[in-house]
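Trainee: For the sequence shown, the positions run 1 to 193 when my numbering is used.
Idealized CB from N, CA, C, for every residue including glycine.
Computed from a prediction, not measured in an experiment: that's the story for all the values here.
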Amino acid sequence: MKIAVLALQGAYAEHELILRQLGIEYFEIRKRDDLKQSFDGLILPGGESTVMGKLLRELDLMEPLKSKIEQDMPVLATCAGLILLADKIENDSSVHFQTLPVTVKRNAYGRQLGSFKTQENMLEIGKIPMTFIRAPYIIEAAPEVKILAEVDKKIVAVRYKNQLAMSFHPELTEDSSVHKYFLEIVQNSIELC
Ligand code: GLN
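#1: CA-CA distance, residue 155 and residue 5?
#2: Less than 8 Å between the CB atoms is what I'm expecting for residue 97 and residue 66, so what's the real figure, rounded?
#3: For residue 73, name the three-state secondary structure that DSSP assigns.
#4: For the beta strand (DSSP E) that contains residue 146, what are its first and last residues?
#5: Do residue 77 and residue 142 have their C-beta atoms closer together than 9 Å?
#6: Can you round the beta-carbon distance between residue 90 and residue 139 to whole angstroms, since I take them to be within the 8 Å contact cut?
#7: Taking contact to mean 3 or more Cβ pairs, one atom from each stretch, closer than 8 Å, check whether the region 126-136 and the region 70-86 are in contact.
#8: Compute the minimum distance between the beta carbon of residue 136 and the heavy atoms of the ligand NAD, and state whether it is under 8 Å.
#9: Please determine whether the Cβ atom of residue 106 lies at a distance below 8 Å from any heavy atom of the ligand GLN.
#10: Do residue 35 and residue 74 come within 9 Å of each other at the CB atom, strictly closer than that value?
#11: How many angstroms separate the CA atom of residue 181 from the CA atom of residue 60?
#12: Between residue 2 and residue 150, what straight-line distance do the alpha-carbon atoms span, to the nearest angstrom?
#13: Beta-carbon separation of residue 160 and residue 104 under 9 Å?
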């Protein structure tokens, strides 16, 4: 199993650290040539979605990655990564991969609650720590999207086909259960091939 980590900007190193701790092979995607390697799963980290979206287009990575996701490549998307996947962004005409049928609101918690930590239940995993940093949440999800977690009645984690996306940063906690759950999705998709 080999995981590709989008490493243009943001908190990619923290995801890589967890993969190393779990003994999983990975490499970074920084340019078009990096896509010559094969991989079984993709991580889209947190950071700044506008910057990542711009770089994805400039580096000619948007279309090839979008087509892999559409062909069911497993994806773990955290925070800005969720915004990159979303079909619509509230009050914003810019969209990116558009492979996840949800509408997100960016910086949805406003300034005062810009960053916070909580513990909440995530379906299929259990209670986990959740770290939110200028996070989005999902204001609308298509019926076929499975809601995995809500905090204060706001949707913060979903699964749609092989796309696992969340508002918070599991890579910034000691708890690696979200990554383990994602790696199970990757393993199952390898076995199906
Ligand atoms: N606010 C950022 C954005 O809109 C996301 C923040 C994060 O990834 N921690 O892209």
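Mentor: With the structure as the only source:
#1: 25 Å
#2: Their Cβ separation, rounded to whole angstroms, is 5 Å, which keeps residue 97 and residue 66 in contact under 8 Å.
#3: coil
#4: 146-151
#5: The criterion of a C-beta distance shorter than 9 Å is not satisfied by residue 77 and residue 142.
#6: Contact flag correct, Cβ pair sits at about 6 Å.
#7: yes
#8: Only the ligand GLN can be found as ligands here, which leaves the ligand NAD out of the picture.
#9: yes
#10: Going by C-beta atoms, residue 74 is not nearer than 9 Å to residue 35.
#11: 30 Å
#12: 30 Å
#13: no
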